[in-house]
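*Asks:* For reference, the structure I am asking about is given below.
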Amino acid sequence: MSYRESLAALLGPPLHSGDPEAWTSLERELGVGFPDDCKEFIDGYGPVRVNGHLHFNHPAHPVWSLGKWVAETVEIYRTVDWDLDCPDFASEDPRFGGPDQLIPLFGSDRGERFFFKPGDQPRIYVYVGADDDIYRYDVGFAEWLYRYLQGEDMAGPNSSAYYPGPVRFDALPYASKGKGEFWFGPARPDRAE
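What the sequence shown shows, in our numbering, is residues 9 to 201, in sequence order.
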C-alpha cells in the first residue's frame, strides 16, 4: 500500500472536493507547483488543525488563506540571520519563496514551520524554533504526514507527537463547512511500543 493510500485510510474520507482554480492562481503567483498529495489533503480537509498541533490553510478560504500565509511566512523568513547546523545550508543560507527555494506548506503550535522544495526529489524541510534549526526529510507530503501521525520523529530529534485513537480534526474558526467544530478519523489500533 502506498503512503497516499495509508494516509487516506488513517484520515477517513475527505469532507469536500478541491478548488483547482485557487491552486492554479497560487501556483502561478509563486512560480511553483505544490505537491499533489498535499493539495489533495488540503482540499479534502482544510482549513483545519490536526491532532491539536498542525495547522493547514487553504488557497480558496477568505480567512485562512494559504496564499496570504505563504507570503507572510516567506517575508518573515527572508529577514532571518541564519546560523544552522543543517548540511543543506552549510555554505549558503536558505532562500524562500521562489522556484528553487523553500515554500511554506503549514505550521504548528509548537513553533515549527514546514516547507517543501520544488523539484524531482520530494523533500520536506522543518524549521524548529526551539532548536533554531532546519531538518530535512527526503519524503513526500503523504509519507511525512502519515509517519508524523504514527508517532515518528518527523520534526527534528525527539519530536514525536503521537496520540492514541483516531486522528482528531478541528475546524479553524469560520471554516467548519457543516461538519462541526471537530470530528475524528476512523478508529485505529494503538501502535506497538
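C-beta: ideal position from N, C-alpha, C; glycine also.
Pick helix, strand or coil for R176, following the three-state DSSP scheme.
*Replies:* Here residue 176 refers to the residue found at position 168 of the sequence shown. Here R176 sits in strand by DSSP.
*Asks:* Can at least three beta-carbon pairs, one atom from the region 93–100 and one from the region 65–78, be found at a separation below 8 Å?
*Replies:* Because the criterion of three Cβ pairs below 8 Å is not met, the region 93–100 and the region 65–78 do not touch.
*Asks:* Count the other C-beta atoms from every protein chain shown that fall within 10 angstroms of the C-beta of F122, then say buried if there are 16 or more, exposed otherwise.
*Replies:* Sequence index remark: in the sequence shown, residue 122 carries index 114 (1-based). Buried, by the Cβ-count rule.
*Asks:* Any idea what DSSP makes of D96, helix, strand or coil?
*Replies:* Locating residue 96 in the sequence shown gives position 88, where the first residue counts as 1. In the structure shown, D96 sits in a helix (DSSP, three-state: H, G or I).
*Asks:* Given this structure, state the Cα-to-Cα distance separating R118 from H61, to the nearest angstrom.
*Replies:* As a working mapping, residue 118 is identified with position 110 in the sequence shown. As a working mapping, residue 61 is identified with position 53 in the sequence shown. Using only the alpha carbons, I get a separation of about 7 Å.
*Asks:* Is F192 buried or exposed, if buried means 16 or more other CB atoms sit within 10 Å of its CB?
*Replies:* Along the sequence shown, one-based indexing puts residue 192 at 184. Exposed is the call here.
*Asks:* Is there a C-beta anywhere in chain B that falls below 7 Å from the one on P43?
*Replies:* Structure shown: chain B not included; a single protein chain is present.
*Asks:* Rounded to the nearest angstrom, what separates P181 and E189 at their Cα positions?
*Replies:* In the sequence shown, counting from the first residue as 1, residue 181 sits at position 173. In the sequence shown, counting from the first residue as 1, residue 189 sits at position 181. So the two alpha carbons sit approximately 8 Å from each other.
*Asks:* Given a threshold of 16 other Cβ atoms within 10 Å of its Cβ, counted over all protein chains shown, does M162 qualify as buried or as exposed?
*Replies:* On the sequence shown, position 154 is the one that residue 162 refers to. M162 should be labelled buried.
*Asks:* Do G26 and D51 have their C-beta atoms within less than 7 Å of each other?
*Replies:* Counted from its first residue, the sequence shown places residue 26 at position 18. Counted from its first residue, the sequence shown places residue 51 at position 43. Yes, the Cβ-Cβ distance between G26 and D51 is below 7 Å.
*Asks:* Expressed to the nearest angstrom, what Euclidean distance is found between the alpha-carbon atoms of D178 and R103?
*Replies:* Sequence index remark: in the sequence shown, residue 178 carries index 170 (1-based). Sequence index remark: in the sequence shown, residue 103 carries index 95 (1-based). Cα to Cα, the separation comes out at about 32 Å.
*Asks:* Considering Cα atoms alone, identify which of S10, A17 and G137 is closest to A195.
*Replies:* Counted from its first residue, the sequence shown places residue 195 at position 187. Measuring from the Cα of A195, the nearest candidate turns out to be A17.
*Asks:* Using 7 Å as the threshold, is the C-beta distance between G75 and F64 below it?
*Replies:* The residue given as residue 75 occupies position 67 in the sequence shown. The residue given as residue 64 occupies position 56 in the sequence shown. It is not a contact, given that the beta carbons lie outside the stated cut-off.
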